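A.B. asks: One rule links them: number in this note's numbering = place in the sequence shown (from 1) + 1. Beta carbons are placed, not taken as given, at the ideal position from N, Cα and C, and that holds for glycine. These numbers were taken from a predicted model, which means no experiment stands behind them.
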Amino acid sequence: MSSKDKPEMQQIELNKLNLQNLTQIKKQLDQELGVFQDSLQALKIAQSKYKESAECLEKIQPDAAGSNIMVPLTGSMFVPGKIEDSEKVLIDVGTGYYLNMNIENARDYFKRKVNFVTDQMEKIQAIGIEKSRIREGKLLRITFFKYKLY
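(1) State the start and end residues of the unbroken beta strand (DSSP E) segment that holds Gly35.
(2) Is the CB-CB distance between Lys83 and Gly67 below 9 Å?
(3) Leaving out the 5 sequence neighbours to the left and right, which residues in its chain are closer than 6 Å to Ile125 when beta-carbon positions are compared?
(4) Ignoring anything shorter than 3 residues, give me the beta strand (DSSP E) runs that lie fully in the stretch 69–126, in order along the chain.
(5) Please report the distance separating the alpha-carbon of Ile128 from that of Arg108.
(6) Who are the near neighbours of Asp64 in its chain, counting only those whose CB is closer than 8 Å to its CB and skipping five residues on each side?
(7) Decide if Arg142 is buried, meaning its Cβ has at least 16 other Cβ atoms within 10 Å, or exposed.
(8) Taking the straight line between their C-alpha atoms, what separation do you get for Glu137 and Cys57?
(9) DSSP three-state label for Gly129, please.
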């Protein structure tokens, strides 16, 4: 991650904070780490959906036009269907918008989406690691306060 991509962090001298301040900062860091974990989980789900879609494209053969298929309505309910055009697919691009793409463009689309989501996951993981390190420093300081070691 380049320095321009990193969010600016404020430096605080731990030895100038009292126990209450440290506890409050630790609580805030815990909440932030929870948000990062939730975001990572959502991105992993999106990444797996894009990968699954890309894999499904590989199953479409050019001579599949006219073939019978079962179209899923839910995870456990299907209706019979027929492939009219095996050269194109309809892609859900979000917020109710769909694009008709040829197979090659669809492959490229899903590859770009997987790469984008993976990049975002790496950025969030890097920030999460940094926040975890900061949190551990606060915990160490809180422990010192509790046992009057500082």
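C.D. replies: Result, derived from the coordinates:
(1) As a position in the sequence shown, residue 35 is number 34, starting the count at 1. Segment 20–60 is the alpha helix (DSSP H) holding Gly35; no beta strand (DSSP E) there.
(2) For the purposes of this step, residue 83 is identified with residue 82 of the sequence shown, where counting begins at 1. For the purposes of this step, residue 67 is identified with residue 66 of the sequence shown, where counting begins at 1. Yes. Within cutoff.
(3) Walking along the sequence shown from the start, residue 125 turns up at place 124. Phe37, Ser40, Leu41, listed in sequence order.
(4) 69–73, 79–83, 89–95, 98–103
(5) In the sequence shown, counting from the first residue as 1, residue 128 sits at position 127. In the sequence shown, counting from the first residue as 1, residue 108 sits at position 107. Straight-line Cα distance between these residues: approximately 31 Å.
(6) In the sequence shown, residue 64 corresponds to position 63, counting from 1. Correct list, in chain order: Ser87.
(7) As a first step, residue 142 must be located in the sequence shown, where it is residue number 141. Result: buried.
(8) By 1-based counting over the sequence shown, the position of residue 137 is 136. By 1-based counting over the sequence shown, the position of residue 57 is 56. Approximately 44 Å between the Cα atoms of the pair.
(9) The count along the sequence shown starts at 1 and reaches residue 129 at position 128. Here Gly129 sits in helix by DSSP.
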